[in-house]
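Colleague: Quick note on numbering: the UniProt record's numbering labels position 188 of the sequence shown as 188, and the sequence is numbered without any gaps.
Glycine residues also receive a C-beta, built at the ideal position from the N, C-alpha and C atoms.
Dumping the structure here so I can ask a few things about it.
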Amino acid sequence: MSSKVFIVTGASRGLGLAVAQLLIQASHKVFLVARTEKDLEAMKAQHTSSVDFMAADLADLKVAPKIIDSTLNAFGKIDGIVVNHGVLSPITRIFESNAEDWRHAYDINVFSAVALIKEAIPELRKSKGRVVFVSSGAALGAYAGWGSYGTSKAALNHLCAHLAVEEPSITSVAISPGKVDTDMQKQIRDDGKAGMAPDIHASFVDEHETGKLLDPRKPGGVIAKLVDGATGDLNGKYFRWNATELASFQES
């Protein structure tokens, strides 16, 4: 079976890194995008023929066509994209927030995804490719201090649904990875206390202290399998990573 080519954003650490590593282990080629160049260089050094990368701030919407062009120059095609990058900040209640901070969060969490997917559509049409949007349970539930994050993830879910309607040859899925042991969880514990409800913040601290956070490779494995082989019945839908509908993509 010939290898496929995937773009993974937010790929230098945490969930994105886990997804990229799993795709490489499955003999695919991966174009990595993140802000931290040295981490991407390290991946390239380990996997010279199957990895290329671009260090970029995706909030700069002019980066999107460069990513697509660079992927095609490196590997000649695009079979799928994992839209994994995102920011939680500002963790602030609406009354105490700054609209410009929300705008910046949307630039990263929503508009950069629109820009990237828009540029990739011609190639994804050719490959009948797949897009996996990394969403969040916060897209469905409201949490004090999480307004910009939750609403932006809800917008990402709806972007997924619209892409499915407009581009039926491209299979698009939005996935909540659950509470994963990543830098974002550390940010919640370190910076979230002032803006969040005390009991909710305490629950995040407790889940870390009691070892309940997920290894990134667990939801990462589901995401990697979905971007490679998501089926048409999933198109445009949102799921938790461990949903029964995704049983065939989960480890037995």
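Out of curiosity, what's the CA-to-CA distance linking G10 and F95?
Modeller: Rounded to the nearest angstrom, the two C-alpha atoms are 30 angstroms apart.
Colleague: For chain B, check one thing: does any of its Cβ atoms lie closer than 8 angstroms to the Cβ of S169?
Modeller: In the structure shown, chain B cannot be found, because there is only a single protein chain.
Colleague: Closest to E167 by CA distance: which of K128, W102, G150, S135 is it?
Modeller: Nearest C-alpha to E167: K128.
Colleague: Threshold first: 4 residues or longer. Then list the alpha helix (DSSP H) segments lying entirely within the region 76-129, N to C.
Modeller: Counting whole runs of 4 or more residues, the region 76-129 contains the alpha helix (DSSP H) stretches 99-106, 112-127.
Colleague: Just to confirm the assignment, what range does the alpha helix (DSSP H) spanning I7 have?
Modeller: That residue, I7, is in no alpha helix (DSSP H); its beta strand (DSSP E) goes 5-9.
Colleague: Straight-line CA distance for K62 to T210?
Modeller: So the two alpha carbons sit approximately 43 angstroms from each other.
Colleague: Which residue spans inside the region 169-241 form an unbroken beta strand (DSSP E) run of at least 3?
Modeller: 171-176, 237-240, all fully within the region 169-241.
Colleague: Which of the three DSSP states is assigned to D39 in this structure?
Modeller: D39 falls in the helix class under three-state DSSP.
Colleague: Could you check if D79 is buried or exposed, using at least 16 other CB atoms within 10 Å of its CB as the buried criterion?
Modeller: Buried is the call here.
Colleague: On the criterion of 16 or more Cβ atoms from any shown chain inside 10 Å, does G76 qualify as buried, or is it exposed?
Modeller: So G76 counts as exposed.
Colleague: Within 8 angstroms, do at least three Cβ pairs link the region 186-197 to the region 214-224?
Modeller: In short, these stretches do not touch, since the Cβ pair count stays below three.
Colleague: Out of S135, D183, S70, E207, which one is the CA nearest neighbour of G236?
Modeller: Measuring from the Cα of G236, the nearest candidate turns out to be S135.
Colleague: Rounded to a whole number of angstroms, what is the C-alpha to C-alpha distance between A59 and V83?
Modeller: Taking the straight line joining both Cα atoms gives about 13 angstroms.
Colleague: Mind checking whether D183 and R35 have CB atoms under 8 angstroms apart?
Modeller: Contact flag unset, no.
Colleague: Are the region 219-235 and the region 169-177 touching by the rule of at least three beta carbon pairs closer than 8 angstroms?
Modeller: Yes, the region 219-235 touches the region 169-177.
Colleague: Quick one: Cα of K4 to Cα of W146, how far?
Modeller: So the two alpha carbons sit approximately 36 angstroms from each other.
Colleague: Between I24, I7, G86, which has its C-alpha nearest S176's C-alpha?
Modeller: It is G86.
Colleague: Work out the CA separation of R240 and K126 for me, nearest whole Å.
Modeller: In a straight line, the C-alpha of K126 is about 29 angstroms away from that of R240.
Colleague: Buried or exposed, going by whether 16 or more other CB atoms sit within 10 Å of the CB of residue 253?
Modeller: Not covered by the structure: residue 253. The range shown for the chain is 1 to 252.
Colleague: Could you give the DSSP three-state label for L32: helix, strand or coil?
Modeller: Reduced to three states, the DSSP call for L32 is strand.
Colleague: Considering only residues of the same chain and omitting the five flanking positions on each side of I121, which have a CB-CB separation below 8 angstroms?
Modeller: Same-chain partners within the cutoff: E167, I170.
Colleague: What number of angstroms, rounded off, separates the C-alpha of K179 from the C-alpha of A155?
Modeller: One C-alpha to the other measures close to 20 angstroms.
Colleague: Expressed to the nearest angstrom, what Euclidean distance is found between the alpha-carbon atoms of M43 and V51?
Modeller: Approximately 7 angstroms between the Cα atoms of the pair.
Colleague: Quickly, what does DSSP pair D52 with across the bridge? List them, please.
Modeller: Paired residues: F31.
Colleague: Identify the continuous alpha helix (DSSP H) that holds T151 and give its terminal residues.
Modeller: Its alpha helix (DSSP H) spans residues 147-166.
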